[in-house]
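I have placed the structure first, in the form of structure tokens, so that the comments after it can refer back to it.
Protein chains: 2
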Amino acid sequence: MQLDKLVHFHKALGDATRIRIIILLKNGPLHGLAIADRLGLRPPTITHHISKLRDTGMVYARREKNTIYFHLDERKLSFMASAIMRLGEVSEMTEKEFSLTEKEKQTIVNNFVAKDGKLKQIPSQLKKKLVILAYFVRNFEIGKVYDEKEVNEYIKSFHEDYATIRREWIMQQFMYRENNRYELNPVEMWPVTFNE
Amino acid sequence: MQLDKLVHFHKALGDATRIRIIILLKNGPLHGLAIADRLGLRPPTITHHISKLRDTGMVYARREKNTIYFHLDERKLSFMASAIMRLGEVSEMTEKEFSLTEKEKQTIVNNFVAKDGKLKQIPSQLKKKLVILAYFVRNFEIGKVYDEKEVNEYIKSFHEDYATIRREWIMQQFMYRENNRYELNPVEMWPVTFNE
DNA sequence: CAATTAATTAGATATACATCTAATTAGATG
DNA sequence: CATCTAATTAGATGTATATCTAATTAATTG
Numbered sequence: 193m194q195l196d197k198l199v200h201f202h203k204a205l206g207d208a209t210r211i212r213i214i215i216l217l218k219n220g221p222l223h224g225l226a227i228a229d230r231l232g233l234r235p236p237t238i239t240h241h242i243s244k245l246r247d248t249g250m251v252y253a254r255r256e257k258n259t260i261y262f263h264l265d266e267r268k269l270s271f272m273a274s275a276i277m278r279l280g281e282v283s284e285m286t287e288k289e290f291s292l293t294e295k296e297k298q299t300i301v302n303n304f305v306a307k308d309g310k311l312k313q314i315p316s317q318l319k320k321k322l323v324i325l326a327y328f329v330r331n332f333e334i335g336k337v338y339d340e341k342e343v344n345e346y347i348k349s350f351h352e353d354y355a356t357i358r359r360e361w362i363m364q365q366f367m368y369r370e371n372n373r374y375e376l377n378p379v380e381m382w383p384v385t386f387n388e
Numbered sequence: 193m194q195l196d197k198l199v200h201f202h203k204a205l206g207d208a209t210r211i212r213i214i215i216l217l218k219n220g221p222l223h224g225l226a227i228a229d230r231l232g233l234r235p236p237t238i239t240h241h242i243s244k245l246r247d248t249g250m251v252y253a254r255r256e257k258n259t260i261y262f263h264l265d266e267r268k269l270s271f272m273a274s275a276i277m278r279l280g281e282v283s284e285m286t287e288k289e290f291s292l293t294e295k296e297k298q299t300i301v302n303n304f305v306a307k308d309g310k311l312k313q314i315p316s317q318l319k320k321k322l323v324i325l326a327y328f329v330r331n332f333e334i335g336k337v338y339d340e341k342e343v344n345e346y347i348k349s350f351h352e353d354y355a356t357i358r359r360e361w362i363m364q365q366f367m368y369r370e371n372n373r374y375e376l377n378p379v380e381m382w383p384v385t386f387n388e
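The listed protein sequences derive, respectively, from chains V and C.
End of the first sequence sits at 388 in this note's numbering; the numbers just go up one at a time, nothing left out.
End of the second sequence sits at 388 in this note's numbering; the numbers just go up one at a time, nothing left out.
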């Protein structure tokens, strides 16, 4: 399910009147006037809410004579309600954010790092920035503690604006700082990993 | 869970930015500036959204130095997301709507039905109205088909405004009408049942 | 086809809320 | 205590939306 659909589903349930309609429909189909009467609201208000519920697919309509009965599709409701828990799964929208192939990452590096190994500029696009940060941070040793001067010196070897890079490493959780001493965070915390 | 809490939970998820925050936090805790940077938004905007998420309990905060890390409580998220499916269960909010003891129903009947068995007036409060409608509708036989005149005659035996009562029985699904012939709906469809 | 009933549309109103900038608070550190 | 950084608050702005009344459409039936 794509993000937009998920948002609309929860928007649909984010209203007391619509939840009450769901409750009514749990006990079986009902038509508009009956719903309006039970909730103490006017028919146009029910039309408004029902159409939002129908848009998500969790409610559908069946005509009988000139009365329209609204039914709750409990399976759909259940499926969509649980979607938020499945967010991390493959083929979910998460992947759009941060999954890059090694090839793509290499391309980004090639675009921003000169032949002499220096960083031409810090990418402004988040995804690219993270790749670059990951690329250069790998030269620290896991578990080793560095003082600020050491970190600065290393950064200067490939880019002049050491303050920004240092700050980004902390902010993006590649590194951890305590009492001005720096060390790598565990790789699991990195927003992007970089395997050569 | 009470209705209000459920509504607020879904309201909280009914926004693309907040869903994106959830996605980020699924990969581990993050602090405000990092979230702002990843989403391309300003810190106050993040404060705004995070506080809505915290209100529901699905996100909590832990301070480390002067950075505040926000954590996702997946168990709470999962519990609340599934609440909509449990709506019908006992001790849920449904019961507030329509569960009356036989005694309470009898009291309502006593208040609205005179000693001679006539309906004094149609209750305006929904709950009471349904009890009265159920009370009088029981005299029809299950499965038997009535024509409109028969229905009217029966209603007149206890109340003058037969049109209203007849219409309410249809609207509230105590009865079903087809080609001006009337019959009782199955008791499962009644919004209120009445056992003597 | 005229009358009835159910549902929807149109348009108005009032409230909620997502986002921003600017200013402020809170903690940590030199 | 002065400075830095992170987070929050305050206040403004524009958009979204819940509800209503009045008017209209759709289907059924005498």
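Glycine included, C-beta positions come from ideal geometry on N, C-alpha and C.
Contact set for residue i: own chain, Cβ-Cβ below 7 Å, skip 5 residues either direction
i, result
"residue 336(C)", "375"
"residue 212(C)", "231"
"residue 227(V)", "213, 216 and 238"
"residue 288(C)", "With a pLDDT of 42 at residue 288(C), under the threshold of 50, the modelled position of that residue is not reliable, and no figure is offered here."
"residue 347(C)", "354, 357 and 358"
"residue 334(V)", "376"
"residue 330(V)", "386"
"residue 201(V)", "248 and 272"
"residue 244(C)", "204 and 210"
"residue 225(C)", "235"
"residue 297(C)", "323 and 386"
Endpoints, the alpha helix (DSSP H) within which residue i is located
i, result
"residue 269(C)", "266–273"
"residue 358(V)", "354–363"
"residue 171(C)", "For residue 171(C) there is no data in the structure shown, the boundaries of chain C being 193 and 388."
"residue 304(V)", "294–304"
Residue interval of the beta strand (DSSP E) (run including residue i)
i, result
"residue 318(V)", "Unbroken run through residue 318(V) is the alpha helix (DSSP H), 318–329; no beta strand (DSSP E)."
"residue 337(C)", "337–339"
Close-in-space but distant-in-sequence residues of the same chain around residue i (CB under 6 Å, 5 per side omitted)
i, result
"residue 261(V)", "221, 223 and 254"
"residue 283(C)", "With a pLDDT of 44 at residue 283(C), under the threshold of 50, the predicted position of this residue should be treated as unreliable, though the coordinate-derived value follows. Result list for residue 283(C): empty, nothing under 6 Å."
"residue 332(V)", "376"
"residue 193(V)", "275"
"residue 229(V)", "none"
"residue 344(C)", "354"
"residue 383(C)", "322 and 364"
"residue 338(V)", "374"
"residue 319(V)", "none"
"residue 269(C)", "250"
"residue 301(C)", "327"
Per-residue DSSP class, three states only, for residue i
i, result
"residue 311(V)", "strand"
"residue 367(C)", "strand"
"residue 282(V)", "Its pLDDT being 48, under 50, residue 282(V) is placed unreliably by the model, and the measurement read from it follows with that caveat. Looking at residue 282(V) - three-state DSSP - the assignment turns out to be coil, as it is neither helix nor strand."
"residue 288(V)", "Low confidence applies here, because residue 288(V) scores a pLDDT of 42, under 50, leaving its location unreliable; read the following figure in that light. Residue state, collapsed to three classes: helix."
Cβ-based neighbour list, residue i, same chain, cut-off 8 Å, excluding 5 preceding and 5 following
i, result
"residue 265(C)", "249, 250, 251 and 252"
"residue 299(C)", "none"
"residue 369(C)", "362"
"residue 385(C)", "326 and 379"
"residue 234(C)", "228"
"residue 208(V)", "none"
"residue 218(C)", "264 and 266"
Threshold first: 4 residues or longer. Then list the alpha helix (DSSP H) segments lying entirely within the stretch 197–259 of chain V, N to C. As far as the stretch 197–259 of chain V is concerned, its whole alpha helix (DSSP H) runs of at least 4 residues are 208–218, 224–231 and 235–248.
Would you call the stretch 195–207 of chain V and the stretch 259–277 of chain V touching, i.e. three or more CB-CB distances under 8 Å? Short answer: they touch.
Between the stretch 341–351 of chain V and the stretch 306–325 of chain V, are three or more C-beta pairs nearer than 8 Å? Flag = yes, the stretch 341–351 of chain V and the stretch 306–325 of chain V touch.
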